[in-house]
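Data first, discussion second: the structure below is written as structure tokens.
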Amino acid sequence: MISSDTNPKVKHVRRLQSDRRFRTREQQFVVEGTRWLAELTAPDAPTAVMLFATADWLDNPNHQALAHQLPLAPLPVAPEIMAAMSDTATPSGALAVLPWPRPPWPTAPQRLLILDALRDPGNLGTIIRTAAAAGVDGLLLAPGCVDPFNPKVVRSSMGALLRLPLRSANWHQIADHTAGMQVFVAAGEAQTSYTAVDWTQPSALIIGGEADGAGRVARELAHTAVAIPLARAVESLNAAVATSVILFEAVRQGGRGKYERWVTGTLQAIVPVTSIGGFLYNFKSTRNVSAGVPSGFSR
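Residue numbers for the sequence shown, in my numbering: 65 to 363.
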């Protein structure tokens, strides 16, 4: 059992948790919890570099069954060492070190999401989860975005990080990726509603950062700016909520095909109705949006 925080493996994990440059150099990141370990049993999941678990976690029969399905046997660690390696206040008792996932980039994407200087880890994790659920083909992170392998991003993404093709890119590269697509930028002051454009064509959506929204280069790349109508003098919306609203309008316009089974339940699971200030989206109607639909991003 590992019982010292000077153990090289423990030091490696702790540095991955805290140091973006180290994560980039090693091209590794840390996942925590039983749910994440269950993700690693999928046929296309990355193979863990290291696995750790406490004795209490390993004593659970369900966890033992899960451990037998993993590619490596978890290394037993003392509870205080797990606490030292964990990024959470209440460690779950199990964690793994993974290589960066590399889902193939789509050759002819129908829907791309671009984030401009999005710095909040929780927002990025939720957006990754939303984008995966909404069938986005790829996510591009423009300069200034938070590291997608930041522990808080990993936690919020709930496993979607393994499945959604994701790239960091400069604006010249983003222009190349979106060539031949219609490009929309979400902007609170825009005069065009997000429901008034045709999302059935190959489309890219740009969502700006929490503080200032989309920047000048993003707006120049976009063909059209779109907004979510506001009510009750609400100025703006959380970036993750705005992304969810617009992406699921694109899903709705796409019809009842392969996404229908996800739509109603997934949006409420990702962004509960209460967190949108009474907003309720009726996916069964044509454009049935209540007067409480908000707009833009939080500032």
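For glycine and all other residues, C-beta sits at the position ideal for the given N, C-alpha and C. Because the structure is a prediction, the values reported are computed rather than measured.
- Within the same chain, and ignoring the five residues on either side of residue 162 in sequence, the residues whose Cβ sits closer than 7 Å to its Cβ are 92, 93, 95, 110, 112 and 113.
- For residue 143, the uninterrupted alpha helix (DSSP H) run begins and ends at 143-149, by DSSP.
- Excluding residues up to 5 positions away in sequence, 211 lie with their Cβ nearer than 6 Å to the Cβ of residue 84 in the same chain.
- Counting only the Cα atoms, residue 70 lies some 10 Å from residue 76.
- Listed in chain order, the beta strand (DSSP E) runs fully inside the segment 94-144 are 114-118 and 139-141, counting runs of at least 3 residues.
- Proximity to residue 65 across 145, 99 and 81 peaks at 145, based on C-alpha coordinates.
- Pairwise C-beta distances place the segment 186-196 out of contact with the segment 281-290, as fewer than three of them are shorter than 8 Å.
- In this structure, DSSP gives residue 242 a state outside helix and strand, which the three-state scheme calls coil.
- Looking at the DSSP output, residue 159 sits in a beta bridge with 96 and 116.
- In the DSSP assignment, residue 88 falls within the alpha helix (DSSP H) that extends over 84-90.
- With a minimum length of 4 residues, the unbroken runs of alpha helix (DSSP H) contained wholly in the segment 261-330 fall at 280-285 and 303-317.
- In terms of Cα proximity to residue 276, the closest of 184, 105 and 137 is 184.
- Rounded to the nearest angstrom, the Cβ distance from residue 289 to residue 249 is 5 Å, consistent with a contact under 8 Å.
- Under the 10 Å beta carbon count, residue 169 is surrounded by fewer than 16 other beta carbons and is classified as exposed.
- 8 Å or more divides the Cβ of residue 203 from the Cβ of residue 103.
- Scanning its chain for C-beta atoms nearer than 6 Å, with the 5 sequence neighbours on each side dropped, one finds around residue 213 the residues 87 and 93, in chain order.
- As DSSP reads the structure, residue 188 sits in no beta bridge.
- CA-to-CA, the gap between residue 180 and residue 174 works out to about 20 Å.
- The C-alpha of residue 156 is placed about 32 Å away from the C-alpha of residue 309.
- Annotation for residue 176: 200, 201, 202, 203, 204, 241, 242, 245, 267, 268 and 269 place their beta carbon closer than 8 Å to its own, counting only its chain and skipping 5 residues before and after.
- In the three-state DSSP reduction, residue 225 falls in the helix class (H, G or I).
- Leaving aside the five residues that flank residue 209 on each side, the residues in its chain whose CB is nearer than 6 Å to its CB run, in chain order, 179 and 182.
- A straight-line Cα-Cα distance of about 12 Å links residue 256 and residue 287.
- In the DSSP annotation of this structure, the continuous segment of the beta strand (DSSP E) that includes residue 203 starts and ends at 202-205.
- Distances from the alpha-carbon of residue 195 to those of 317, 319 and 305 put 305 closest.
- Between residue 164 and residue 206, the CB-CB gap reaches or exceeds 8 Å.
- According to DSSP, residue pairing for residue 180 in a beta bridge involves 272.
- DSSP, read as helix, strand or coil, puts residue 166 in coil.
- For residue 248, DSSP records a beta bridge to 269 and 288.
- DSSP, read as helix, strand or coil, puts residue 220 in helix.
- Selection 115, 292 and 228 evaluated against residue 136 yields 115 as nearest (Cα-Cα).
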